[in-house]
Amino acid sequence: MTTSPDSARQLLRHTVATVAYRGSKALRGAPAEFANSRIGEKPRTPSQILAHMGDLFDWAFTIAQGKQEWHDSTPLPWSAEVERFFAAIKKFDDFLASSEPLHVSAESLFQGPIADALTHVGQIAMLRRLAAAPIKGENYFKAEIAAGRVGLDQSAPRREFD
């Protein structure tokens with residue numbers, strides 16, 4: 447069975463909404479000192495990871511437009527970086543929701559910037575646990591995730607674990 451370009455695009459939008467849902471959970475309520483906490487000399491801080499995640503969605507937007515431009519951003523203060531991350535996701539999702547053509551395959555967008563962002567959401571969640579500020583686990587299969595809902599404010603978890 448092959449997918450139509452519209453169904454592939456809708457799946458991308460749902461995946462982006464999933465990143466937003468999981469990302470919002472990992473980012474909300476982080477203690478102030480978390481942003482610049484370190485687990486060693488070389489690994490990125492949570493702020494650096496979050497800035498990279500914003501860069502990934504900026505990059506995804508340019509790839510979708512056929513431009514493919516990459517920028518390494520210097521991390522902003524935590525709350526500003528959270529806002530930038532969700533603004534970048536929204537900009538990309540708005541493009542996906544438009545009638546503008548994708549200049550690459552949906553699969554390429556998924557395997558590159560979107561899958562990378564999912565990996566980094568997991569890193570932030572793990573770093574929260576290491577910083578003694580864990581988030582609750584959740585049955586994400588039951589989560590209320592919808593294409594277009596890509597901001598920090600998400601639906602309440604339906605089934606969290608203690």
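For the sequence shown, the working numbering begins at 447 and goes up steadily by one. All C-beta atoms, glycine included, are put in the ideal place defined by N, C-alpha and C. Computed from a predicted model, the values in this text were never measured in an experiment.
Around the Cβ of residue i, are there at least 16 other Cβ atoms within 10 angstroms (buried) or fewer (exposed)?
{"i": "H566", "result": "buried"}
{"i": "M447", "result": "Its pLDDT being 44, under 50, M447 is placed unreliably in this model, and the coordinates cannot settle the point."}
{"i": "P523", "result": "exposed"}
{"i": "L576", "result": "exposed"}
{"i": "K513", "result": "exposed"}
{"i": "K471", "result": "buried"}
Using a Cβ-Cβ cut-off of 6 Å (strictly less than) and excluding sequence neighbours within five positions of residue i, which residues of its own chain qualify?
{"i": "S545", "result": "none"}
{"i": "E584", "result": "P603 and E606"}
I think residue i touches residue j, with their Cβ atoms under 8 Å apart; what is that distance to the nearest whole Å?
{"i": "F607", "j": "K582", "result": "6 Å"}
{"i": "L473", "j": "I570", "result": "7 Å"}
{"i": "S493", "j": "E527", "result": "6 Å"}
Taking DSSP as the reference, what is the three-state secondary structure of residue i?
{"i": "E553", "result": "helix"}
{"i": "E606", "result": "strand"}
{"i": "E584", "result": "strand"}
{"i": "I591", "result": "coil"}
{"i": "W524", "result": "helix"}
{"i": "Q494", "result": "helix"}
{"i": "Q600", "result": "coil"}
{"i": "R484", "result": "coil"}
By Cβ distance, which residues of its chain are closer than 8 Å to residue i, with the 5 residues on each side in sequence left out?
{"i": "P559", "result": "L502, F503, W505, A506 and I509"}
{"i": "F541", "result": "F507, A510 and Q511"}
{"i": "T491", "result": "A481, N482, S483, R484 and P521"}
Going by beta carbon distance, what residues of the same chain come within less than 7 Å of residue i, once the five residues before and after it are set aside?
{"i": "A589", "result": "Y467, P603 and R604"}
{"i": "A543", "result": "R459 and G594"}
{"i": "I495", "result": "H566, Q569 and I570"}
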